[in-house]
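Visitor: Chains as they are written, first to last, in numbering that gives the first Met the number 0: chain A, 0 to 239; chain B, 0 to 440; chain C, 0 to 264.
Below is one structure. I have some questions about it.
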Amino acid sequence: MTNEKHIASVFDRDLEAIQALIMKMGGLVEANITSAAQALEERDVELAAKVRASDKAIDALEEQINEEAARVIALRSPAAGDLRTVLTVMKIAGNLERCGDYAKNLAKRTGVLADMQPITGAGASIRRMAREVEEMLKLALDAYIQRDAELAEQVRQRDLDVDQMYNALFREFLTYMMEDPRNISACMHLHFIAKNIERMGDHATSIAEQVIYLVTGEMPEESRPKGDLTSHTDMDMESF
Amino acid sequence: MSDQSASNGRISHGSLMVADPRTKKRNAAEARFRAYGIVAISIGVLFLAALAFSILRSGLPAFTQYVAKLEVTLSQEDYDAAESKMLKTAAYTDIFIENFSNALDERGVDVAYDSDAIERILGKVGGDIRGHYREHPDDIGRPVTFQLQTSSRVEGYFKGRVDRESLVDSRFLVKTDLDIVDALTDADILTGRFNWAFIKGTDAGVDNPGGAGIGAAAVGSLFMMLVVLLLSLPIGVAASIYLEEFAPQNKFTDIVEVNISNLAAVPSIVFGILGLSVFIQFMHLPQSAPLVGGLVLTLMTLPTIIISTRASLKAVPPSIRDAALGIGASKMQSVFHHVLPLAMPGILTGTIIGLAQALGESAPLLLIGMVGFVAREFPDGVVSGFLDPNSAMPAQIYTWAARADAGFYEKAWGGIIVLLAFLLTMNIIAIILRRRFERRW
Amino acid sequence: MNDMRIVKRDVDMNDIKISAKGVQVYYGDTHAIKDVNVEIKDKTVTAFIGPSGCGKSTFLRCLNRMNDTIDICRVEGSIQIEGEDIYDKRVDPVQLRAKVGMVFQKPNPFPKSIYDNVAYGPRIHGLARTKADLDEIVEKSLRRGAIWNEVKDRLHAPGTGLSGGQQQRLCIARAVATEPEVLLMDEPCSALDPIATAQVEELIDELRENFSVVIVTHSMQQAARVSQKTAFFHLGNLVEYGETGQIFTNPQDPRTESYITGRIG
């Protein structure tokens with residue numbers, strides 16, 4: 000990547016404008032994740048409603064980014080680094096939009112959970128996990144802005160932590176549900192929330208991978224440490 | 000971006016319906032320039048018209064000749080009698096006068112004359128008549144219509160150069176002769192006719208402007224032009240192609256180029272003296288021969304042809320050469336198949352300009368002896384056309400213009416008309432050829 | 000993943016047609032081409048891109064010795080076509096140019112008929128013994144030039160009367176009529192409108208079946224569209240040479256990146 004200006008300064012302005020939109024979108028998504036987790040822990044239905052409302056803005060931003068990217072491709076025929084910039088912008092916007100959707104889903108379930116018996120400690124664990132994911136997202140976007148492949152690689156590695164947190168929560172909820180069948184409904188919701196946050200972590204990882212592609216021109220190999228073992232976990236009663 | 004700066008930086012334009020002062024000035028300047036152009040062209044056309052008018056006015060009379068028509072029947076006895084006399088031409092003169100007075104009587108013309116007056120008006124008629132019968136003995140006993148040329152002064156009288164006042168103290172024509180001429184004209188014995196002799200004839204002595212013709216000199220010019228064309232076109236084109244397409248760019252070719260340009264500016268008389276020393280004194284080629292004249296004029300024409308040929312070769316777009324080379328044509332194939340045909344119209348134009356220059360050149364010819372009075376007879380054939388002494392039209396014209404008799408002055412003008420006609424013919428042929436070569440696509 | 004690619008990218012399996020090693024070109028005192036090494040594949044379109052004056056046209060003209068016509072031009076190094084050094088003393092450039100045809104920037108048909116334009120090469124190289132042979136060659140070449148259908152009814156009309164795009168395709172037909180093995184194209188579309196350009200580009204892609212095509216172009220998009228291999232020249236150096244897709248998405252050299260993203264002229 001070069002830091003020189005384009006001969007056509009409009010091109011520079013277009014690219015900067017798109018990336019500014021991505022940062023704005025990223026900021027909104029991060030804030031929504033934080034707020035949703037907070038609303039969940041504090042059973043704050045109003046805050047949850049706010050999160051749900053602001054997802055509309057995120058969706059609108061994604062649409063705008065896609066449109067702008069299409070315009071740049073059509074009008075400027077970007078190549079090499081510019082082409083990768085535009086391509087990653089579109090993918091990152093998609094990832095962020097999915098993250099926004101998960102945050103919105105979290106907020107929705109918060110409304111349902113507020114009427115149920117609280118599960119001790121679950122809210123705090125989920126909030127910790129959400130904070131971790133939000134941190135990853137923030138770092139991934141920083142890496143994007145700074146075109147920093149190393150930082151992106153660190154973000155990619157951090158997904159392992161999120162996966163392990165999710166594994167722990169999965170087992171925790173399993174225990175709660177086995178202890179008391181009345182917890183099942185709440186635990187199911189909480190499990191979906193945890194799963195969604197884990198998915199957000201995957202999207203953050205995907206953004207980091209896009210950054211690596213943007214900088215190096217090549218997608219990283221599939222050698223990322225995987226920590227999500229739940230697909231292999233069964234209800235092994237003997238283990239309890 | 001900011002509207003303020005945009006409106007501040009802008010010059011306000013007035014209404015388009017009103018021309019601003021600068022526009023008016025520009026338009027006026029353009030109108031003036033066009034006017035200059037028209038004036039310049041008008042002056043050019045005016046000069047051309049004046050030139051054409053004066054040439055035609057002074058030269059056209061040269062194409063008219065005044066003759067006395069008389070039918071004579073000479074019997075064998077009269078012929079024998081005349082041939083047996085001591086003064087044979089005088090006898091023929093008497094025979095002529097006898098027939099002449101018969102003719103006058105027939106037409107009822109009453110005018111006093113004697114044999115001297117007849118000789119003053121018609122020259123030595125006896126000699127002419129005798130010459131005719133000696134050449135054509137078959138005509139003896141048959142009626143023959145003689146057309147006897149009037150003397151230079153009588154022609155001058157017809158053409159307005161001579162009148163009764165100017166004939167005081169003249170031995171060659173006296174006032175009373177003009178009365179005879181008038182009477183003969185009235186009797187239709189003296190008439191004007193087209194002067195074929197001028198076009199077909201050869202130069203005549205200084206005392207006989209009426210008998211002088213430009214034909215021999217025109218033939219000389221023709222042979223000379225053949226030499227120039229046959230030598231300068233191939234040599235010039237070959238030299239140009241080599242210099243333009245093949246020669247490496249170095250000091251030597253630079254010098255050659257500069258010298259060719261310089262040669263084009265060398266005065267023609269220099270080529271004349273060169274021809275005299277090299278072709279005649281050193282190489283011992285025949286003096287006054289059209290071959291030598293042609294060689295000299297070739298030297299003079301070559302630079303013109305080379306310069307114009309190179310210019311037209313240069314004008315052929317290089318893409319054509321590239322195209323030919325790109326499909327594997329050799330250098331020579333690309334030049335001869337593509338470049339040369341495209342340059343041909345330009346080459347022909349240059350050649351014609353060169354030939355026209357050569358055709359009008361007289362100074363170098365005078366130096367190698369192709370002066371006008373040499374053209375006393377036509378060549379016998381092609382070889383003699385090149386090698387026998389002859390003159391060329393400009394030299395002939397120059398010679399006539401230098402002679403004392405006013406009749407020659409008129410011939411000089413007539414010669415110029417013939418020269419111009421010759422040139423025009425050449426140019427038309429060139430234009431037709433160029434059309435052939437020019438591919439209009 | 001590589002075996003799932005939609006477009007076949009088997010270019011690298013083709014034989015090497017032209018191999019240039021350590022090529023240096025001087026125009027008088029100017030060092031126009033600096034130590035260029037490149038291997039051009041058979042049955043492949045290779046594009047040379049780069050800013051004006053970078054030497055791409057100069058290098059192209061070295062490949063069929065068109066630079067010989069310029070007195071002050073000097074070429075060093077070795078350029079081999081199928082193992083034969085074309086700058087060897089024994090090589091006649093005229094013979095070479097029959098093997099390595101060339102199409103130029105400006106359509107330059109001869110001011111002759113369409114038929115004669117195409118027939119000229121075969122005639123001077125003696126490729127046709129009879130009139131029927133020649134007719135056949137002309138038709139085949141015009142078909143290869145993708146212009147047969149447009150001109151078959153007016154073969155004896157002047158070639159210069161065609162439109163720009165048709166003229167350029169005629170020039171391509173003329174170039175392929177001598178059955179060259181390599182076809183060099185020096186900005187063949189720079190004087191054409193987009194439709195004519197597209198037709199010529201389609202033609203170039205078809206020509207790849209039989210020829211090794213080397214094309215110099217100012218339009219990076221054109222290089223991207225028609226070529227399988229791209230070489231980027233800058234200031235007389237061959238900066239980068241590689242698969243076209245790779246050059247346009249992920250160039251290795253920052254100068255290439257700058258050039259194709261429109262950062263240096």
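Every residue, glycine too, gets a C-beta built ideally from N, C-alpha and C.
Return no unless some Cβ of chain C is closer than 8 Å to the Cβ of A:Gly80.
Guide: It does; some Cβ of chain C falls within 8 Å.
Visitor: Between C:Lys42 and C:Arg207, what straight-line distance do the alpha-carbon atoms span, to the nearest angstrom?
Guide: Each residue's Cα considered, the two are about 5 Å apart.
Visitor: Which of the three DSSP states, helix, strand or coil, is assigned to C:Tyr86?
Guide: C:Tyr86: coil per DSSP, three-state reduction.
Visitor: C:Val102 bridges to which residues according to DSSP?
Guide: Partner(s): C:Met184.
Visitor: So who's on the other strand from B:Lys87, going by DSSP bridges?
Guide: Answer is none; B:Lys87 lacks a bridge partner.
Visitor: For B:Arg434, which of helix, strand or coil comes out of DSSP?
Guide: B:Arg434: helix per DSSP, three-state reduction.
Visitor: Mind pulling the chain C residues with CB within less than 9 Å of A:Ala7?
Guide: Chain C residues near A:Ala7: Gly261.
Visitor: Give the range of the alpha helix (DSSP H) segment to which A:Ala102 is assigned.
Guide: Segment 79-112, the alpha helix (DSSP H) holding A:Ala102.
Visitor: Along chain C, in chain order, which residues have C-beta atoms closer than 7 Å to that of B:Ser239?
Guide: Simply none; closest approach about 18 Å.
Visitor: For a minimum of 3 consecutive residues, which ranges assigned as the beta strand (DSSP E) are wholly contained in the segment 176-262 of chain C?
Guide: 181-185, 211-215, 228-233, 236-242, all fully within the segment 176-262 of chain C.
Visitor: Hey, is B:Pro247's beta-carbon within less than 8 Å of any beta-carbon in chain E?
Guide: Looking for chain E here will not work: the only protein chains present are A, B and C.
Visitor: Output the boundary residues of the alpha helix (DSSP H) element that contains A:Val50.
Guide: Start and end: 44-75.
Visitor: Can you find a C-beta in chain B that's less than 8 Å from the C-beta of C:Ile123?
Guide: So yes, C:Ile123 belongs to the interface.
Visitor: Using only alpha-carbon positions, find the residue among B:Ala237, B:Ala116, B:Pro233 that is nearest to B:Leu177.
Guide: Comparing Cα positions, the closest option is B:Ala116.
Visitor: In chain order, what residues of the same chain lie with their CB nearer than 6 Å to the CB of C:Met184, ignoring the 5 residues before and after it?
Guide: Val102, Ile214.
Visitor: At 9 Å on the CB atoms, spell out the chain A contacts of C:Pro250, in chain order.
Guide: Here the neighbours are Ala78, Ala79, Gly80, Gly216.
Visitor: So, with DSSP's three-state summary, where would you put B:Leu189?
Guide: In the structure shown, B:Leu189 sits in a strand (DSSP, three-state: E or B).
Visitor: Taking 8 Å as the threshold, find out whether the segment 339-355 of chain B comes into contact with the segment 291-304 of chain B through three or more Cβ pairs.
Guide: Touching, yes, given that three or more Cβ pairs across the two stretches are closer than 8 Å.
Visitor: Taking 8 Å as the CB-CB limit, is C:Met184 close to chain B?
Guide: No, C:Met184 lies away from the interface with chain B (no Cβ there is under 8 Å from its Cβ).
Visitor: Between the segment 104-117 of chain A and the segment 57-70 of chain A, are three or more C-beta pairs nearer than 8 Å?
Guide: As far as the Cβ criterion goes, the segment 104-117 of chain A does not touch the segment 57-70 of chain A, which means the pair count is below three.
Visitor: Report the option in C:Thr29, C:Gly144, C:Gly164 whose CA atom is closest to the CA atom of C:Asp192.
Guide: Nearest of C:Thr29, C:Gly144, C:Gly164 to C:Asp192, Cα basis: C:Gly164.
Visitor: Taking the beta strand (DSSP E) that C:Gly21 falls in, what are its first and last residues?
Guide: 15-26 is the span of the beta strand (DSSP E), which, as asked, contains C:Gly21.
Visitor: Tell me the rounded alpha-carbon separation between B:Ala394 and B:Leu364.
Guide: Approximately 7 Å, taken between the alpha carbons.
Visitor: Between the segment 312-327 of chain B and the segment 274-293 of chain B, can you find at least three pairs of beta-carbon atoms closer than 8 Å?
Guide: Cβ pair count under 8 Å is below three, so no.
Visitor: Take the Cβ of C:Ile123 as the centre, count every other Cβ of all protein chains shown within 10 Å, and call the residue buried at 16 or more, exposed below.
Guide: Buried is the call here.
Visitor: What are the uninterrupted segments assigned as alpha helix (DSSP H) that are 4 or more residues long and contained completely in the segment 336-419 of chain B, given in chain order?
Guide: Those alpha helix (DSSP H) runs which fall completely within the segment 336-419 of chain B and span 4+ residues are 339-358, 362-366, 381-386, 392-401.
Visitor: Which chain C residues sit within Cβ distance under 9 Å of A:Arg83?
Guide: Residues of chain C passing the Cβ test: Thr248, Asn249.
Visitor: Is it the case that the Cβ atoms of A:Ala92 and A:Met24 are separated by a distance below 8 Å?
Guide: Yes, the Cβ-Cβ distance between A:Ala92 and A:Met24 is below 8 Å.
Visitor: Check this for me: beta carbons of B:Ile213 and B:Ser287, under 8 Å apart or not?
Guide: No; because the gap between Cβ atoms is not below 8 Å, this pair is not in contact.
Visitor: For a cutoff of 8 Å on Cβ pairs, would you count C:Gln220 as touching chain A?
Guide: For C:Gln220, the answer is yes, since a Cβ of chain A falls inside 8 Å of its Cβ.
Visitor: The alpha helix (DSSP H) spanning B:Pro302 covers which residue range?
Guide: Start and end: 289-314.
Visitor: What would DSSP say about B:Ile234, mapped onto helix, strand or coil?
Guide: B:Ile234: helix per DSSP, three-state reduction.
Visitor: Is there a Cβ of chain C sitting closer than 8 Å to that of B:Ser1, yes or no?
Guide: Summary for B:Ser1: the model assigns pLDDT 43, below 50, so the residue's position carries little reliability; its value from the coordinates is reported in the next sentence. Chain C, which has no Cβ nearer than 8 Å to the Cβ of B:Ser1, makes this no.
Visitor: Quick one: is B:Val167 buried, meaning 16 or more other Cβ sit within 10 Å of its Cβ, or exposed?
Guide: Classification of B:Val167: exposed, given that the 10 Å Cβ count is below 16.
Visitor: May I ask which residues mark the beginning and end of the beta strand (DSSP E) holding C:Phe47?
Guide: C:Phe47 -> beta strand (DSSP E) spans 44-48.
Visitor: Taking 8 Å as the threshold (C-beta atoms), are A:Met22 and A:Ile144 in contact?
Guide: Yes, these two residues count as a Cβ contact at 8 Å.
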